[in-house]
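Notes follow the structure.
Protein chains in written order, with this note's numbering: chain U, 396 to 506; chain Z, 7 to 119.
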């Protein structure tokens, strides 16, 4: 099946710093989503971005589908950005879709 | 619109028992997917339902089953619980297929003793 690798596995930032989270995937995809899981376990959808660039406030994401990677940018980080960030993909050419998740990136933002 | 809801939020069971978890999708959403999250295996796909039919199933034993009702609410059942079934079980809904934006519920934390 499709492989999803996220890097770095852990990231510690000082409040106000910027960061880039990376997601590499091994096959072409129909669907790529970024999620943030808060400390209580709730997964929040950040972006639906199979290709191109999107921005939402301090967050933005870019997916280069031809090169099989996606980047999530966090600017001016805040302590509430802490948590685990997941990239999830759904490969093309598969009859029934499902999301395959990466292992996640644990982000800690220190005040 | 209300979000995805899951009940119960927390559950403690003993080995050999069975458990039923419930998920109510966002109003109008017809696709419901279930995922298991553990520290060792991460987030893994269990199954997906649409119009009361299971469209896709992950690589889990037959002890894991599910169903969907005509109002799109879904339940999953785990029979003969094992210690390794302790996990956070997450439900997600989307309009038609998991290929669209998926919205997750808060999850059910199951502890098997």
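The beta-carbon is built from N, C-alpha and C at its ideal position, and this holds for glycine as well.
These figures come from a predicted structure and were not determined experimentally.
Item	Value
Could you run through the stretch 433-466 of chain U and flag, in chain order, every residue whose CB is less than 8 Å away from some CB of chain Z?	435, 436, 437, 438, 439, 440 and 443
Whose Cβ in chain U lies nearer than 9 Å to the Cβ of residue 55 (chain Z)?	Simply none; closest approach about 11 Å.
Comparing the C-beta of residue 106 (chain Z) with each C-beta of chain U, is any distance below 9 Å?	yes
Using 8 Å as the threshold, is the stretch 404-411 of chain U in touch with the stretch 437-445 of chain U, meaning 3 or more CB pairs across them?	no
On the criterion of 16 or more Cβ atoms from any shown chain inside 10 Å, does residue 479 (chain U) qualify as buried, or is it exposed?	buried
Quick check: the Cα distance between residue 42 (chain Z) and residue 114 (chain Z), rounded to an integer number of angstroms?	10 Å
Answer yes or no: do residue 494 (chain U) and residue 98 (chain Z) have a C-beta to C-beta separation smaller than 9 Å?	yes
Using a Cβ-Cβ cut-off of 6 Å (strictly less than) and excluding sequence neighbours within five positions of residue 438 (chain U), which residues of its own chain qualify?	430 and 432
Look up residue 107 (chain Z) in the DSSP assignment and say whether it is helix, strand or coil.	coil
Strictly under 9 Å for the Cβ-Cβ distance: is residue 98 (chain Z) near chain U by that measure?	yes
Taking any Cβ of chain U, which residues in the stretch 67-99 of chain Z have a Cβ under 9 Å from it, in chain order?	94, 96 and 98
Rounded to the nearest angstrom, what separates residue 483 (chain U) and residue 456 (chain U) at their Cα positions?	13 Å
Compute the beta-carbon to beta-carbon distance between residue 24 (chain Z) and residue 87 (chain Z), rounded to the nearest angstrom, for a pair I have assumed lies under 8 Å.	7 Å
For residue 3 (chain Z), return the contacting residues in chain U, with the cut-off set at a CB-CB distance below 7 Å.	Only positions 7 to 119 of chain Z appear in this structure, which leaves residue 3 (chain Z) out of reach.
Are the Cβ atoms of residue 425 (chain U) and residue 400 (chain U) separated by less than 9 Å?	no
Just checking: is the beta-carbon of residue 39 (chain Z) within a distance shorter than 9 Å of some beta-carbon in chain U?	yes
How big is the Cα-Cα spacing for residue 102 (chain Z) and residue 96 (chain Z)?	18 Å
Between residue 66 (chain Z) and the rest of its own chain, which residues show a CB-CB distance below 7 Å, the 5 nearest in sequence each way excluded?	52
Identify whether residue 457 (chain U) lies in helix, strand or coil by the three-state DSSP scheme.	strand
Suppose you measure from the CA of residue 477 (chain U) to the CA of residue 505 (chain U); what does that come to, to the nearest Å?	9 Å
Please classify residue 405 (chain U): does DSSP put it in a helix, a strand, or coil?	strand
For residue 488 (chain U), which option in U:460, U:498, U:422 and U:471 has the closest C-alpha, if you only look at C-alpha atoms?	U:422
If residue 499 (chain U) and residue 481 (chain U) are in contact, beta carbons under 8 Å, what's the gap, nearest whole angstrom?	5 Å
Use the C-beta contact count for residue 435 (chain U): other C-beta atoms within 10 angstroms, 16 or more gives buried, fewer gives exposed.	exposed
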